[in-house]
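The structure appears right after this line, and notes come after that.
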Amino acid sequence: MAVDAFSDEWAIRFKDEVNKSSVYKAAAKGWKWTVGLVIEAEPDKNVPESLGVVMDLFDGEARDIHVGPASEAQGCQFVITAPYSRWKQVATKELDATKGMLQGKLKLKGDLPTIVRYTKASQELTECTTRVPVQWPDEK
Amino acid sequence: MLGGLIEANVESRPEKQKDFESLAAKVGIFVTDIDEGVTLDFRSGSLVVHNGLEPKRDITIRAEAGTVMSLSNLKIGLFGMPVYYDEVGRGVALKLLQGKLRIDGLLGNFATLNTVTRIFSVA
Numbered sequence: 003m004a005v006d007a008f009s010d011e012w013a014i015r016f017k018d019e020v021n022k023s024s025v026y027k028a029a030a031k032g033w034k035w036t037v038g039l040v041i042e043a044e045p046d047k048n049v050p051e052s053l054g055v056v057m058d059l060f061d062g063e064a065r066d067i068h069v070g071p072a073s074e075a076q077g078c079q080f081v082i083t084a085p086y087s088r089w090k091q092v093a094t095k096e097l098d099a100t101k102g103m104l105q106g107k108l109k110l111k112g113d114l115p116t117i118v119r120y121t122k123a124s125q126e127l128t129e130c131t132t133r134v135p136v137q138w139p140d141e142k
Numbered sequence: 258m259l260g261g262l263i264e265a266n267v268e269s270r271p272e273k274q275k276d277f278e279s280l281a282a283k284v285g286i287f288v289t290d291i292d293e294g295v296t297l298d299f300r301s302g303s304l305v306v307h308n309g310l311e312p313k314r315d316i317t318i319r320a321e322a323g324t325v326m327s328l329s330n331l332k333i334g335l336f337g338m339p340v341y342y343d344e345v346g347r348g349v350a351l352k353l354l355q356g357k358l359r360i361d362g363l364l365g366n367f368a369t370l371n372t373v374t375r376i377f378s379v380a
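Note that the protein sequences, when read in sequence, are chains A and B.
What the first sequence shows, in this note's numbering, is residues 3 to 142, in sequence order.
What the second sequence shows, in this note's numbering, is residues 258 to 380, in sequence order.
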């Protein structure tokens, strides 16, 4: 059953998908930093306020993933920021996250060499988001 | 992003500083699946990043975004040579054989390519 994108239910399902992924577990071995995704508001797409997804990822495991204010996500060690519609493109595989970062469509804050070392893990995180059926706010 | 990666790499890894200071070359990187490129103009201790491919490049690397990221993940082995026998290295070598990774200007610039790879490597 589809859940609302970037809702508490979505965060739980996303966390479950990450922890079910053996690919992620292997690729993220040694990762020990928090990651925040900032979803910038697009009022015309039914996203009136910016949101944050806060991910506590440790050594191939998602210890916690929750949705909160954008400011909380901005406090993470790695922060990836993009408008809502870009995130939707990533989650629906219209935009590859690596290409998005190279093109500056997704803005990354944090130690670049570290995140590049974990490219495969970040690609699998994106794959995990695509496995959660969602109801998009602009399609309601 | 590529310029930022090099800057962070050189600042955080002193062993890369020597390579960075010795390198004077214009290196083009063209990402084929987004149809965009940059020119990294290494000037013996400084780097100027130009959007697009500038003329008079010494080397030009053409590959998909994922392969460019793989180049950054090449391990550096004995004598400062990139390692092509582990999983990442084999993947890069295969792309080269398949023509999905093209390196123009390699002839005569092999040492430059190795230096660039060492500066780029995050592994």
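In this text, a Cβ means the ideal position worked out from N, Cα and C, and glycines have one as well.
- In this structure, the CA atom of Gly32/A is about 20 Å from the CA atom of Lys111/A.
- Listed along the chain, the chain B residues whose CB falls inside 7 Å of the CB of Gln79/A amount to none; the nearest CB is some 14 Å away.
- Across the set Val306/B, Glu293/B and Gly362/B, the C-alpha of Val306/B shows the shortest separation from the C-alpha of Glu264/B.
- Cβ-Cβ distances below 8 Å link Ala28/A to Gly62 in the same chain, with the five nearest sequence neighbours on each side left out; the list follows chain order.
- The segment 110-125 of chain A and the segment 70-80 of chain A touch, with three or more beta-carbon pairs separated by less than 8 Å.
- In the assembly as shown, Leu335/B is an exposed residue. Its beta-carbon has fewer than 16 other beta-carbons within 10 Å.
- The DSSP assignment places complete beta strand (DSSP E) segments of no fewer than 3 residues inside the segment 35-80 of chain A at 36-42, 53-60 and 63-71, in order along the chain.
- From the beta-carbon of Asp290/B, the residues of chain A found nearer than 7 Å are Lys101.
- Proximity of Ser329/B to chain A, defined by a Cβ-Cβ separation below 8 Å, is satisfied.
- For Val118/A, the nearest CB of chain B lies under 8 Å from its own CB, placing it at the interface with that chain.
- Minimum Cα-Cα distance from Val325/B among the listed residues Glu268/B, Ser269/B and Thr289/B corresponds to Thr289/B.
- In terms of Cα proximity to Glu126/A, the closest of Ala99/A, Trp35/A, Ala7/A and Ile14/A is Ala99/A.
- According to the DSSP assignment, Arg319/B belongs to no alpha helix (DSSP H) but to the beta strand (DSSP E) extending over Ile316 to Ala320.
- In this structure, the alpha-carbon of Glu42/A lies about 6 Å from that of Tyr86/A.
- Counting only runs of at least 4 residues, the segment 316-350 of chain B fully encloses the following alpha helix (DSSP H) elements, listed from N- to C-terminal order: 322-329.
- For Phe299/B, the enclosing beta strand (DSSP E) has its first and last residue at Glu293 to Arg300.
- Interface residue (Cβ-Cβ distance to chain A less than 8 Å): Ala380/B is classified as such.
- Per DSSP, the unbroken beta strand (DSSP E) holding Leu110/A starts and ends at Lys109 to Lys111.
- Phe287/B: member of the beta strand (DSSP E) spanning Ala281 to Val288, first to last residue.
- Note on Ser269/B: under 16 other CB atoms within 10 angstroms of its CB, so exposed under the neighbour-count rule.
- DSSP, read as helix, strand or coil, puts Asp98/A in coil.
- Among the residues facing chain B, Gln105/A is included, as its CB has a counterpart in that chain under 8 Å away.
- In terms of beta-carbon proximity, Thr94/A stays away from the interface with chain B, with every pair separated by 8 Å or more.
- When the five nearest sequence neighbours on each side are left out, the beta carbons in the same chain lying within less than 6 Å of the beta carbon of Ser378/B are those of Leu331 and Ile333, in order along the chain.
- Around the C-beta of Gly261/B, fewer than 16 other C-beta atoms lie within 10 Å, and the residue is accordingly described as exposed.
- Pairing Ala281/B with Ala4/A, the inter-Cα distance amounts to about 55 Å.
- Nearest C-alpha to Asp66/A among Asp140/A, Val134/A and Trp35/A: Trp35/A.
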